[in-house]
Amino acid sequence: GTYGAVQPNYLIVGINVPSQLGTHWVSTSTMCEYEVTLQVAYNTSKTSVTVPFWNSYVGNYSDDPLYCAVGSYDAIYMLVDAMDRGDGFAADTIVTKLEDNNIASPYEGAAGMIAFTPRVTTSGSEGQHDLVAGYDYASALFCQWQSGGTKVVLPAGDTAVGLYPNSFATGTLA
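When the letters of the sequence shown are read in order and numbered with the numbering used here, they come out as residues -17 to 156.
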């Protein structure tokens, strides 16, 4: 509420987990107007899974999903997919099937395309099994709270620097 009360001549931009919730406008007594937060998903066509997931979640829980809900959803379905493709519950087989989610063949989740770096690098050294980051993978979206409690996805600019396509935008910066 301090930001709204002081009305400084700057925007707040960054990670603010509570601002990812649809209830943030009311819980701040509308004083979050202009705040820009990062979210892993919003009601925009990031992948073919994003909007159906979003609508189902909001329909079931009457609030927007936090990043951890989106990540959990993707993790569980990716694990089920790996078990189905591996035809069982053997840990080594599941890991092998999860490793198939790489840059050449990513998993399509609600957060974006999910791919892992290799376990063994091309030089033969041990890899990290890290997530591949940046567009078109599970990159964050810039969302802004605007007048009347509307939250929009902002254009990100140049995808050459690893952001997301401006087609994901549902509004412009206020």
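Built from N, CA and C at the ideal position, the CB exists for glycine as well.
- DSSP places Leu145 outside both helix and strand once states are collapsed to three, so it counts as coil.
- Residue pairing of Met95 in beta bridges, as defined by DSSP: Glu90, Tyr119.
- Looking from the CA of Asp46, the closest CA among Arg101, Lys133, Gly139, Thr154 belongs to Lys133.
- With respect to the 8 Å criterion, Val52 and Glu90 are not classified as neighbours on the basis of their beta carbons.
- Under DSSP, no beta-bridge partner is assigned to Trp7.
- Apart from sequence neighbours up to five positions away, the residues of its chain that approach Tyr49 with a beta-carbon distance below 6 Å are Val22, ordered along the chain.
- Across the set Ser129, Asp69, Ala64, the C-alpha of Ala64 shows the shortest separation from the C-alpha of Pro88.
- Check the Cα spacing between Phe124 and each of Ala97, Leu113, Gly153, Asp82: the tightest is with Gly153.
- The beta carbon of Asn37 lies closer than 8 Å to those of Asn25 in the same chain, with the five residues before and after it left out.
- Per DSSP, reduced to three states, the secondary structure at Leu113 is strand.
- In the DSSP assignment, Val77 falls within the unbroken alpha helix (DSSP H) covering 73 to 81.
- Restricting attention to Asn(-2), Tyr16, Asp69, the CA atom closest to the CA of Gln(-11) is found in Tyr16.
- Rounded to the nearest whole angstrom, the C-alpha separation of Leu155 and Ile76 is 44 Å.
- Scanning its chain for C-beta atoms nearer than 7 Å, with the 5 sequence neighbours on each side dropped, one finds around Asp118 the residues Gly94, Met95, in chain order.
- The C-beta distance from Phe35 to Ala92 rounds to 4 Å, short enough to meet the 8 Å contact threshold.
- DSSP links Trp127 through a beta bridge to Lys133.
- The alpha-carbon separation between Ala57 and Val(-1) amounts to approximately 20 Å.
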